[in-house]
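Below is the structure:
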C-alpha cells in the first residue's frame, strides 16, 4: 500500500507525538518538583502529565503503523520492536524503534504502578530522559523535510523546553535539604514571620 | 539536679521494679527459670496491652505477626523498643537498669514463640555496654543484637525504628504495609516496648497481675525541688493518690503527646483507659507531670510544642508547615502582652488542618496537647492579654532538650 495519505499521516503523527512527548517531559518535571500550574491543583498537573503521555503513545501507534504499512519505503513489521532491522535508513529508524521499546516499558510500568515496587517503577520511569533524546534524534535524522521553516523551529523549541526543564528538575532535586533540616528551617521561618509580620512561605516535603 | 529513684508510694505495689539487681544469678534466684509456655494464650488471658504509648493489645499483635510470617513463609523479626524518645519519660531506661533480665526474658520468649530469625534491642547508647555484659551471662537460643537509637522524639516510632535497624535514617514510613507485615528487611516485624516484654516474662511465670499495672514516670515539685521518679502503678489507681496535688494547677497526662487536665478535675480520675477517656486523655507512655501553681502553663506548653515542631521528620507537608506556625504563635501567646489580633483563632484553625494528615500521628498528638493547654490555661491567656503572667520562674518545669533547666 502506498499513497500520499499514509505519508502525510506518518509525518503529522510523528511531529505531534514529539511535541506531546516534550509536553509530557515538561509536565513530569513540574510534578517532580511539586510545582503548580496557575489555575490547576497539583493532582490535575499529575493527571495532565499522565493523559498527555498516553495521548502521545496513542499517536505513536499510528505513526509506527503507517510507516510499516506504507510500502513506498522498506520498513518491515519487525522494525516495530527490533532496532536497526529496517531496510530504509536503518540507523535513523533504529533510534525510533529503541524509543518505542522504552516507551512501551514506561507506559506499561506506569499502568502497573500500584502493583510494582516503587523503586522499579522509578528506575524505569527515569529512562524517559533517554527516551526523549532518542525520539528527537530519530525525528531530525529520519525526517524528510526539516530543511528549514516552521518545522525546524518547532523541533528546536521542543529541544530547548525539554532540556531547560530537565536541568531545572535535576538541580532542584539536589537543592532539597535533608528531612532533619527542614523542620528546623521551618521553625525559624515561622518565628521570624510572626515577629516581622511577613507571610511565611511554604516548605516542601520530600 | 533531679532525683531519680524507683520510689514506691503508699498506694503503689512494688512489682516490676522490685528487682534483685542486674546479675543473672540474682534474677534467677528471685524469679526462677523461664517456663515453656503458650505465650499467645497467656497474653490473651492477661489482656496485656502495649506500654509504648498506643496501648495496643499485645496478643493481637503477636497473632498478626505470626499470621503474616506463616502467610509469607518468612521468619519474623522481633524488636525490643527501649528508645524512649519522650523527654519527659524515664521508665524504659529505669527498667533496663533495674531489671534488664526481665526484658531479655520477654524478648527470648517472644522470639522463641514466633520462631524469629533475629531479635533486636534498641536503646540509648549509654545503656548498651551494660546490656552487652548481661547478654553474655545468658544462654538464649537466639542472639540479641543491640542497637543505639538517635535521641530524636520520633526515633522510637515503630516504622522509624525499623528503618534505623536497616541502617537507614530513622524516619517514620507510611502505615501500609504495616511493620507487622513488612518491617525490618521486609520481614514481618513485632515491635514491643521493653516494659511490655518484661510484663510478658512475669506473666509467663504465672504472675497474672503483672498486666494490671504500669510503669509511670512522675514529675512534680516537692517543697520547691523538682522530683522525678518511676513507679509501678496499678491501673485504675486514683490520680490524687499517685501524685501530690496540693499547690498544683494542672496535670499533664500521657507526656508530650498527652493532655492537660485541671488539678480539680484530675484528682478523682481513675488512671486507666476507661477512666481517662471522659477527659480525652490517655496514659500514653506513662508520664504524669503535676504543674505547680507558680508556673505558666502556656509558656511550658509553648516550649514543649517548639521542641515537638523541631522534631517533625519533615516528610509530610501539614506537619512540616503546620507545627512550626503553631509553635511560633504559642510562643507569642506565652508572653505577658496582648497578642496580635486573631492569633488565637489562627492557632485553632491551623490545629483543625493537621490531624490525620501525616504518615505518623506526630501532628495529631501535638495538636491535642495544644488544644488542651488553650482550654485548661484559658485564665492564664486572659492574664497575658492584661500584661501579667503566673510564671515566677525562668527555667522550665517540663524538660525540653536544648533548653536550660
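Protein chains in written order, with this note's numbering: chain A, 97 to 302; chain B, 202 to 606.
Think of the CB as a built atom: it goes at the ideal place given N, C-alpha and C, for glycine as much as any other residue.
Note that this is a predicted model, so its numbers are computed, not measured.
| Check | Outcome |
| --- | --- |
| Taking residue 452 of chain B and residue 440 of chain B to be in contact with their CB atoms under 8 Å, please state how far apart those CB atoms are, rounded to whole angstroms. | 7 Å |
| Which residues, taken in chain order from the region 489-514 of chain B, show a beta carbon closer than 9 Å to some beta carbon of chain A? | 507, 510, 511, 512, 513 and 514 |
| On the DSSP bridge list, what partners appear for residue 228 of chain B? | Its beta-bridge partners do not exist; DSSP assigns none. |
| Could you name the residues of chain B that residue 140 of chain A contacts, counting a contact when the two beta carbons are closer than 9 Å? | Under the 9 Å cutoff, chain B gives no residues; its nearest Cβ is about 17 Å from residue 140 of chain A. |
| Output yes if chain B places a C-beta closer than 8 Å to the C-beta of residue 286 of chain A; else output no. | yes |
| Mind checking if residue 530 of chain B is an interface residue toward chain A, Cβ cutoff 8 Å exclusive? | yes |
| Are the region 272-286 of chain A and the region 514-530 of chain B touching, with three or more C-beta to C-beta distances below 8 Å? | yes |
| Flag this pair as yes or no: are the beta carbons of residue 116 of chain A and residue 165 of chain A separated by less than 8 Å? | no |
| Quick check: is the beta carbon of residue 137 of chain A nearer than 8 Å to any beta carbon in chain B? | no |
| Listed from N- to C-terminal order along the chain, which residues in the region 535-567 of chain B have their beta-carbon within a distance smaller than 9 Å of any beta-carbon of chain A? | 541 and 544 |
| Along the chain, where does the beta strand (DSSP E) containing residue 346 of chain B start, and where does it finish? | 345-349 |
| Strictly under 8 Å for the Cβ-Cβ distance: is residue 186 of chain A near chain B by that measure? | no |
| For residue 210 of chain B, collect the residues of the same chain with a Cβ closer than 8 Å to its Cβ; drop the 5 residues on either side in sequence, then sort them by chain order. | Model confidence at residue 210 of chain B stands at a pLDDT of 37, short of 50, so the residue's coordinates are unreliable; what they give is reported in the following sentence. Closer than 8 Å at the Cβ level, and outside the excluded window around residue 210 of chain B, lie 432, 442 and 443. |
| Report yes if the C-beta distance between residue 457 of chain B and residue 505 of chain B is below 8 Å; otherwise report no. | yes |
| For the alpha helix (DSSP H) containing residue 301 of chain B, name the first residue and the last one. | 301-315 |
| What alpha helix (DSSP H) runs, 4 residues minimum, are completely inside the region 132-172 of chain A? | 138-165 |
| On the CB-based measure, 16 or more other CB atoms within 10 Å of its CB, does residue 333 of chain B come out buried or exposed? | exposed |
| Report back the beta-carbon spacing between residue 312 of chain B and residue 320 of chain B to the nearest angstrom; my notes put them in contact at under 8 Å. | 4 Å |
| So is residue 570 of chain B in contact with chain D if we call contact Cβ pairs under 8 Å? | In the structure shown, chain D cannot be found, because the protein chains are A and B. |
| Is the Cβ of residue 212 of chain A closer than 8 Å to any Cβ of chain B? | no |
| Within 10 angstroms of the Cβ of residue 234 of chain A, are there 16 or more other Cβ atoms? Answer buried if so, exposed if not. | buried |
| Whose Cβ in chain B lies nearer than 8 Å to the Cβ of residue 201 of chain A? | Within chain B, no residue comes near residue 201 of chain A; the closest Cβ sits about 25 Å away, beyond 8 Å. |
| The alpha helix (DSSP H) with residue 245 of chain B in it runs from where to where? | 240-247 |
| Whole angstroms is fine: what's the gap from residue 244 of chain B's alpha carbon to residue 400 of chain B's? | 10 Å |
| Residue 162 of chain A and residue 105 of chain A - do their beta-carbons sit closer together than 8 Å? | yes |
| Runs of 3 residues minimum, wholly inside the region 460-543 of chain B: which ones carry the beta strand (DSSP E) assignment? | 460-463 and 488-493 |
| When DSSP labels each residue in this structure, what does residue 293 of chain A get in the three-state scheme? | coil |
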